[in-house]
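Undergrad: Before I ask anything, here is the structure I am working with.
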Amino acid sequence: MMIPWGRIESTVYWLTFVAGFIVVAIWESRRPQRDLSSAVTRRWSRHGIILYANMLVSVGLYRASPVIVALAMSHSRFGLLNKPWLPYPVRFIFALLLLDLARYGVHWSYHAVPFLWRFHYVHHSDPDFDLSSGVRAHPIEVALTQGSNLAAVAILAAPPAAVLAAELFSCAQGFFSHANASLPGWLEKPLRWMFVTPDMHRVHHSEEVQEQARNLGEIFPWWDHLFKTYLKAPAAGQDQMLFGIKGIQNDESLKLTFMLLHPFRHQPEEIALQETPVTQHD
Ligand SMILES: [Zn+2]
10 MMIPWGRIES TVYWLTFVAG FIVVAIWESR RPQRDLSSAV TRRWSRHGII LYANMLVSVG
70 LYRASPVIVA LAMSHSRFGL LNKPWLPYPV RFIFALLLLD LARYGVHWSY HAVPFLWRFH
130 YVHHSDPDFD LSSGVRAHPI EVALTQGSNL AAVAILAAPP AAVLAAELFS CAQGFFSHAN
190 ASLPGWLEKP LRWMFVTPDM HRVHHSEEVQ EQARNLGEIF PWWDHLFKTY LKAPAAGQDQ
250 MLFGIKGIQN DESLKLTFML LHPFRHQPEE IALQETPVTQ HD
């Protein structure tokens, strides 16, 4: 029997999206970590419009989802993991790990390459940190991320079920890791050895450039440990740290015109900042 991958993917993806949004929204509204500088309705409506624009760009540009690409590659002779002698569980686990490693690498390049930073800057220019920060990205960044994700799926010939698992993890992490809430210490400490937690990812949204270059992982924290980009906590502390880009932490950065047009405006000083070497202080 043929597995209807396309239908399964869209159904479970949206279920995960809605469930992830609702669970994190309830969590952070009941126990917010920090006060927000703008009204939640204003933040969520602006970021919701950006999310909608990004979905149109992503679907319209590629017309093929990661699982459909994986399905096409599974019938091909090519692909790093398309080896009949590799047991399926090994291919599944390797695919999940390598797809997350690829996302880490792409995120690293967004911070290291000035041209790419122009677009990723929009994600970081959020003056607050809550679940809606997770969907705030420039459409060109979304197009580049989705293109590199599809390329990684094709190069690996990752099993469709592993690609689906990676997509669902990534969707849930988009909300969870940007939660304006903290897990209790007894749970947070062990969990951050397995998954990127809100306390870990919050460091990455610091206004301090050196801290922005840390905690780049999306699903698993292991790449940050392996490549020495892990930082346990921000220097100013979780309750005092400031978010966003220094000098533009105001309501202006919630405007749609700012989020869409800023990458095309000249910003030499912001790019120069990215060339500051990262110092270890954890
Ligand atoms: Zn980043």
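So the number in this note's numbering is just where the residue sits in the sequence shown, counting from 1, plus 9.
Each residue gets a CB set at the ideal place from its N, CA and C atoms; glycine is no exception.
(1) Hey, how far is the Cα of residue 77 from the Cα of residue 258?
(2) Inspect the beta-carbon positions of residue 182 and residue 149 and report whether they are closer than 7 angstroms.
(3) Among 160, 239, 90, which has the Cα closest to the Cα of residue 101?
(4) Find the nearest neighbour of residue 54 within the set 273, 265, 274, judged by alpha-carbon distance.
(5) Sorted by chain position, which residues of the same chain lie with C-beta nearer than 7 angstroms to residue 125's C-beta, five sequence neighbours on each side aside?
(6) If contacts are defined as beta-carbon pairs under 8 angstroms, then residue 252 and residue 216 qualify, I think. What distance do you get, rounded to the angstrom?
(7) Bridge partners of residue 215, per DSSP?
(8) Taking the Cβ atom as the reference point for each residue, do residue 218 and residue 243 lie within a distance shorter than 7 angstroms?
(9) Which residue wins for smallest C-alpha separation from residue 97, given the options 38, 170, 205, 245?
(10) What's the C-alpha gap between residue 136 and residue 156?
(11) When a residue counts only if its C-beta is closer than 7 angstroms to some heavy atom of ligand 1, which residues count, in chain order?
(12) Which two residues bound the contiguous alpha helix (DSSP H) that contains residue 59?
(13) Rounded to whole angstroms, what is the Cα-Cα separation between residue 271 and residue 186?
(14) Under 7 angstroms between the Cβ atoms of residue 206 and residue 223?
(15) Buried or exposed for residue 248, please, with buried defined as at least 16 other CB atoms from any protein chain shown within 10 angstroms of its CB.
(16) Assign residue 261 to buried or exposed, taking buried as 16 or more other Cβ atoms, counted over all protein chains shown, within 10 Å of its Cβ.
TA: Looking at the atomic coordinates:
(1) Taking the first residue of the sequence shown as position 1, residue 77 is located at position 68. Taking the first residue of the sequence shown as position 1, residue 258 is located at position 249. Their Cα atoms are separated by approximately 40 angstroms.
(2) As a first step, residue 182 must be located in the sequence shown, where it is residue number 173. As a first step, residue 149 must be located in the sequence shown, where it is residue number 140. Cβ atoms of residue 182 and residue 149: not closer than 7 angstroms.
(3) In the sequence shown, counting from the first residue as 1, residue 101 sits at position 92. For the residues 160, 239, 90, the minimum Cα distance to residue 101 belongs to 90.
(4) As a position in the sequence shown, residue 54 is number 45, starting the count at 1. Comparing Cα positions, the closest option is 265.
(5) Residue mapping note: residue 125 aligns to position 116 of the sequence shown, counting from 1. 118, 119, listed in sequence order.
(6) Working through the sequence shown from its first residue, we reach residue 252 at position 243. Working through the sequence shown from its first residue, we reach residue 216 at position 207. That belief holds up - the Cβ atoms of residue 252 and residue 216 are roughly 6 angstroms apart, short of 8 angstroms.
(7) Position 206 of the sequence shown holds residue 215. In DSSP, residue 215 forms a bridge with 252.
(8) As a working note, residue 218 is residue 209 in the sequence shown. As a working note, residue 243 is residue 234 in the sequence shown. Going by C-beta atoms, residue 218 is not nearer than 7 angstroms to residue 243.
(9) By one-based count along the sequence shown, residue 97 stands at place 88. Of 38, 170, 205, 245, the residue nearest in Cα terms is 170.
(10) Against the sequence shown, residue 136 aligns to sequence position 127. Against the sequence shown, residue 156 aligns to sequence position 147. Residue 136 and residue 156: Cα-Cα distance of roughly 28 angstroms.
(11) 116, 119, 120, 129, 132, 133, 213, 221, 225
(12) Within the sequence shown, numbered from 1, the residue matching residue 59 stands at position 50. First-last of the alpha helix (DSSP H) with residue 59: 49-71.
(13) Taking the first residue of the sequence shown as position 1, residue 271 is located at position 262. Taking the first residue of the sequence shown as position 1, residue 186 is located at position 177. Taking the straight line from one Cα to the other gives about 25 angstroms.
(14) The count along the sequence shown starts at 1 and reaches residue 206 at position 197. The count along the sequence shown starts at 1 and reaches residue 223 at position 214. No, the pair does not count as a contact, with Cβ atoms beyond the cut-off.
(15) Counting from one through the sequence shown, the residue named residue 248 turns up at place 239. Under this definition residue 248 is an exposed residue.
(16) Taking the first residue of the sequence shown as position 1, residue 261 is located at position 252. So residue 261 counts as exposed.
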